[in-house]
Structure formats: structure tokens, C-alpha cells
Amino acid sequence: MCTFRTFITGTVTDCSRALAIASLAAAAYAAPYVPKDDSAVLERLPVRPGDPVARELRQLRAELTANPRKRETAVRLAERYFALATSEGDPRYVGYAQAALKPWWDLPAPPLDVLVMRAIFKQYSHDFSGAMRDLETATSEDPKSARAWSWRAAIHMVQADYERAREDCLALQTLESELYAVGCIAYLDGTTGKAAAAHRGLSAALAKTADVPPEVKVWVLTRLAEMALRQGDVKQAEEHFRAAYFEPINDQFLLAAYADFLLDQGRPEEVVPLLVDWVKSDILLLRLALAEQALKAPKAREHIEALRSRFDAAALRGDK
Numbered sequence: 010m011c012t013f014r015t016f017i018t019g020t021v022t023d024c025s026r027a028l029a030i031a032s033l034a035a036a037a038y039a040a041p042y043v044p045k046d047d048s049a050v051l052e053r054l055p056v057r058p059g060d061p062v063a064r065e066l067r068q069l070r071a072e073l074t075a076n077p078r079k080r081e082t083a084v085r086l087a088e089r090y091f092a093l094a095t096s097e098g099d100p101r102y103v104g105y106a107q108a109a110l111k112p113w114w115d116l117p118a119p120p121l122d123v124l125v126m127r128a129i130f131k132q133y134s135h136d137f138s139g140a141m142r143d144l145e146t147a148t149s150e151d152p153k154s155a156r157a158w159s160w161r162a163a164i165h166m167v168q169a170d171y172e173r174a175r176e177d178c179l180a181l182q183t184l185e186s187e188l189y190a191v192g193c194i195a196y197l198d199g200t201t202g203k204a205a206a207a208h209r210g211l212s213a214a215l216a217k218t219a220d221v222p223p224e225v226k227v228w229v230l231t232r233l234a235e236m237a238l239r240q241g242d243v244k245q246a247e248e249h250f251r252a253a254y255f256e257p258i259n260d261q262f263l264l265a266a267y268a269d270f271l272l273d274q275g276r277p278e279e280v281v282p283l284l285v286d287w288v289k290s291d292i293l294l295l296r297l298a299l300a301e302q303a304l305k306a307p308k309a310r311e312h313i314e315a316l317r318s319r320f321d322a323a324a325l326r327g328d329k
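Those letters in the sequence shown? Residues 10 to 329, by the working numbering.
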């Protein structure tokens with residue numbers, strides 16, 4: 010279920026926000042930098058020596074180097090890198106993840122675990138039709154693959170194909186716990202005019218579920234905040250956002266939604282300290298720049314220039 014958060018960058022935007030984002034993008038355009046030497050090191054990703062995630066990554070990389078065709082290790086490494094990309098907002102991890110799966114990537118019929126991961130990366134680059142083809146194959150081969158059904162629902166939601174998204178959510182009801190299944194339907198209902206009922210149902214499911222993993226709790230609380238906003242309950246929405254914020258994990262999509270909320274409430278001065286350490290994330294740097302622009306802060310120009318460089322890099326990669 011928490012896979013849905015990959016697609017959420019904050020849903021409480023308005024026309025003025027869209028125009029502001031467009032103006033930032035336009036102001037940032039310039040010729041991209043191309044290194045003269047393919048071996049040039051442009052930047053090293055940060056690694057904290059005592060970090061258990063860093064230790065796990067080192068171990069998995071060592072195992073894969075020793076045996077590049079050990080699929081279980083490759084998939085696990087790709088999963089860890091993708092989790093970092095979505096939680097930390099650094100897309101370079103996606104490139105590392107895809108490289109781990111290279112031996113199987115172009116196969117017409119890769120193993121099921123690779124097939125689902127390939128679909129996840131395709132949707133990341135907005136190849137939704139390609140991702141859906143892989144996921145349809147996956148659910149046909151294994152109708153009990155909750156992960157594949159979750160991603161199908163997420164993509165159908167992005168495409169506003171709510172009827173098919175509901176079918177995907179219903180398929181999850183026999184495969185996942187009540188919180189996951191209710192969360193899928195509630196997210197759909199909250200988006201299609203049934204926010205009050207969705208909020209009640211999801212709140213009840215969360216209250217009676219023990220030992221909810223932090224990443225799932227953050228996803229649920231963020232969705233509850235959005236549902237509260239759709240009902241005009243700003244106070245309850247902020248309570249949900251703050252509860253999610255104090256969970257012991259990083260989540261750039263929570264921060265994006267919370268920052269959007271604060272900007273919509275005319276509180277850009279609260280956005281800056283919230284996002285100041287998240288400049289590696291494109292979606293968060295964008296919101297930080299909007300807040301700084303509203304405050305006429307000196308850093309605004311620097312961050313707009315950073316966005317320019319990232320847009321250029323995305324254009325070179327052919328990102329959609």
C-alpha cells in the first residue's frame with residue numbers, strides 16, 4: 010500500500026501554485042553542462058559510516074560483484090536503492106537500482122520479481138503504459154502478488170481510471186491486512202468525492218491495527234490529512250501532518266504535502282526550516298524555492314539555479 014505514496018507530491022495545490030512552478034521552470038532554463046571526460050566524477054552520493062542501510066548496501070553490492078547473476082541479491086539491492094530514491098528524493102539511486110537488474114532488464118519474459126521491479130522503474134520515468142503491461146503480466150502469472158496489484162491501482166489512480174483502480178483495490182482485500190485494503194479503497198474514495206466516509210473508515214482501520222510500520226503510518230496519516238483538507242478541516246489536517254512528521258522515518262512526499270499545506274495557508278516562513286536540509290530532492294527544492302521567493306530570501310536565486318541544472322539533466326536523460 011505505501012507504494013501509492015510514490016505518486017503523491019502534495020495534492021493541495023491551486024492555480025497560482027501551478028503558475029509559480031511554471032515560472033520557476035521557465036526562469037531556470039539554460040544550456041546543460043556536459044563533462045568532457047566520461048570518467049569524470051561529478052558527485053559522490055553521501056554515505057554515513059555507521060548507517061545500517063549503508064552497511065546493507067555495501068554487503069549487497071559486494072555479493073552482487075562476486076556473482077552478478079545472483080538474481081535475489083540484485084532484486085534486493087534494487088529495492089533498497091529505490092526505497093532510498095523515494096524517501097530521500099535523490100533520483101541517482103534509481104540509476105544504481107536499474108544497473109543491478111541489467112542482466113534481466115531487456116528479457117521479453119524476465120522472472121516475476123524482476124518484472125515487477127521493471128514496472129516500478131518504468132512508472133518512475135512516467136512510462137505508464139509500459140509499466141502496466143509488465144504489471145498485467147505479473148498479476149496474470151501470480152494473481153496473489155499484492156505488490157503488483159498495489160502498483161496497478163496506483164497507476165490507474167494517476168491516470169484517473171478510477172473504475173479499474175477500484176478493481177485493483179478489491180483484488181487486494183484477500184491478499185493484504187485490513188489497513189492496507191481499506192487504505193486502498195479510502196484513497197480512491199477520498200479522491201472521488203467521498204472524503205468524509207473515507208476519512209472515517211481509514212481512521213478506524215488505523216486505530217485498531219497494532220504495530221503499524223512507520224512508513225505505512227506516514228502514508229495513512231498523510232492521506233488522512235488530505236481527506237481532512239477536502240472537507241475544509243484545516244485544524245485536523247495539520248494534526249495529521251504533524252503526527253506523520255514525527256514518525257521516525259524520512260518521507261519526501263509527506264514533506265511535499267505538508268509544505269504545500271503551509272504555503273496554501275500563507276506560512277512560507279515555516280516551509281524554509283522544514284525543507285532546508287532537503288535540497289537533494291527535486292520536489293522539495295521546488296517548494297523551498299517557492300517559499301524563499303515568497304519571503305524574498307537571498308537563497309531563492311541559488312535554489313532556482315539548482316533547479317535549472319536539474320531540469321537540464323533530466324532533459325539530457327530524456328525524462329518525460
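Built from N, CA and C at the ideal position, the CB exists for glycine as well. Bear in mind the structure is a predicted one, so any value in this text is a computation, not a measurement.
- Counting only the Cα atoms, residue 72 lies some 43 angstroms from residue 212.
- About 12 angstroms separates the beta carbons of residue 236 and residue 266, which is beyond the 8 angstroms limit, so they are not a contact pair.
- Nearest C-alpha to residue 74 among 109, 229, 313, 157: 109.
- Non-local beta-carbon contacts of residue 85 in its own chain, meaning distances under 8 angstroms to residues more than five positions away in sequence, involve 69 in chain order.
- DSSP places residue 199 within a helical segment (H, G or I) once states are collapsed to three.
- Take the alpha-carbon of residue 245 and the one of residue 118: they are about 48 angstroms apart.
- By the neighbour-count criterion, in which a residue is buried when 16 or more other Cβ atoms sit within 10 angstroms of its Cβ, residue 231 is buried.
- Shown here, residue 79 sits in coil according to DSSP, grouped into three states, outside any helix or strand.
- The Cβ atoms of residue 263 and residue 253 lie closer than 9 angstroms to each other.
- As summarised for the region 146-222, the continuous alpha helix (DSSP H) elements at least 4 residues long and confined to that stretch are 155-167, 171-181, 187-200, 204-216, given in chain order.
- The beta carbon of residue 258 is closer than 8 angstroms to those of 96, 223, 224, 227 in its chain, skipping five residues each way along the sequence.
- When DSSP states are grouped into helix, strand and coil, residue 117 belongs to the coil group.
- Here residue 220 is exposed: its Cβ has fewer than 16 other Cβ atoms, across all protein chains shown, within 10 Å.
- If you look at residue 273, you'll find it in the alpha helix (DSSP H) that goes 261-273.
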